[in-house]
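>
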Amino acid sequence: MELATQAMTAKPRDAYYWRLFATAASFALFGFGGLCLRLLVFPLLSCLPGNADKHRRRARHMISWLFWFFIRLMRRAGVLTYSVEGAEHLGRPGQMIIANHPSLIDVVFLIGLVRQANCVVKQSLWQNPFTRGPVRDAGYISNDGSAEMLDAAAGALQAGQTLIIFPEGTRTTPGATPAFHRGAAAIALRGATIITPVVIKVSPTTLTKAEPWYRIPKRRVHFSLRVGADIEPQAFAALGPAPQASRKLNDYLHHYFIKELAEDERPTPP
17 MELATQAMTA KPRDAYYWRL FATAASFALF GFGGLCLRLL VFPLLSCLPG NADKHRRRAR
77 HMISWLFWFF IRLMRRAGVL TYSVEGAEHL GRPGQMIIAN HPSLIDVVFL IGLVRQANCV
137 VKQSLWQNPF TRGPVRDAGY ISNDGSAEML DAAAGALQAG QTLIIFPEGT RTTPGATPAF
197 HRGAAAIALR GATIITPVVI KVSPTTLTKA EPWYRIPKRR VHFSLRVGAD IEPQAFAALG
257 PAPQASRKLN DYLHHYFIKE LAEDERPTPP
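For any residue, its number in our numbering is found by taking its place in the sequence shown, counting from 1, and adding 16.
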């Protein structure tokens, strides 16, 4: 996989109208690709020999490869640049990857980086005609807030899968601090062997909850993903009953991300 940091250009408005066109073309391609996966690619893959687990692994590998291709395509088209620090620490058995959620394509980055990851995804993706086929065949978990969702996520970790989850449940409102729900902490305490935080920063902000896709910034966007040090969930499990341990772990994760994001925003000394 290619991990690179590209320098941002300093041209006025940084080819604004080209980037607007390239952004529109990228999202059109993403939707068309999802439909092709549902109607053509995955039906063909299902004809290959193997059990349900083998079919699921094929589907996840295909989605991951295509997501990383999509990111590289957007980079080559001049829509964005990116840097990734510590990707070699992702993808371990029983690992829960926890990330903040500043933009629409954060999940595309993370699934693209981890070939066999499971993921807790928005329930709306199961109703979307472009995405419901791929998320079903890959066995991703619907974030419907039910007890069954918590059981499925914890069970995936106990089975040795890598699980990606965004504790905010939705994209961060620009200018606001992340607000974590306790469900991720509860899942981690029940099933994770290790928790690995990933801090995502987008500069300038784009594809946020408050912005339509076509409201692009005046200069090219840079995505920075930094993998943090592992966190031992069992250290929190020993602090008390499950609800108390879950609350303390959630508070720790919340303050961790607030601190890391605040450090990112500090000006670099000359």
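Even glycine gets a Cβ: it sits at the ideal position worked out from N, Cα and C.
Let me know if D153 comes out buried or exposed under the rule of 16 or more other beta-carbons within 10 Å of its beta-carbon.
buried
> Can A195 and S262 be called in contact, C-beta distance under 7 angstroms?
Using a Cβ distance threshold of 7 angstroms, A195 and S262 do not count as a contacting pair.
> Got a sec? Which residues, its chain only, sit under 6 angstroms from A204 by beta carbon, not counting five neighbours each side?
M112, I211 and P249
> What does A169 pair with, by DSSP beta-bridge criteria?
In the DSSP output, where bridge partners are listed per residue, A169 has none listed.
> Taking the straight line between their C-alpha atoms, what separation do you get for W34 and R231?
Spanning the two alpha carbons is a distance of roughly 13 angstroms.
> In or out: L129 buried (at least 16 other Cβ within 10 Å) or exposed?
Answer is buried; the Cβ neighbour count reaches 16.
> Check whether the Cβ atoms of F239 and Y32 lie closer than 7 angstroms to each other.
no
> What is the rounded straight-line gap between the Cα of G50 and the Cα of A226?
24 angstroms
> Out of F125, G185, P213 and D167, state which residue places its alpha-carbon closest to the alpha-carbon of F273.
P213
> Do the CB positions of F83 and I127 come within less than 7 angstroms of each other?
yes
> In this structure, how does DSSP classify I180 when only helix, strand and coil are distinguished?
strand
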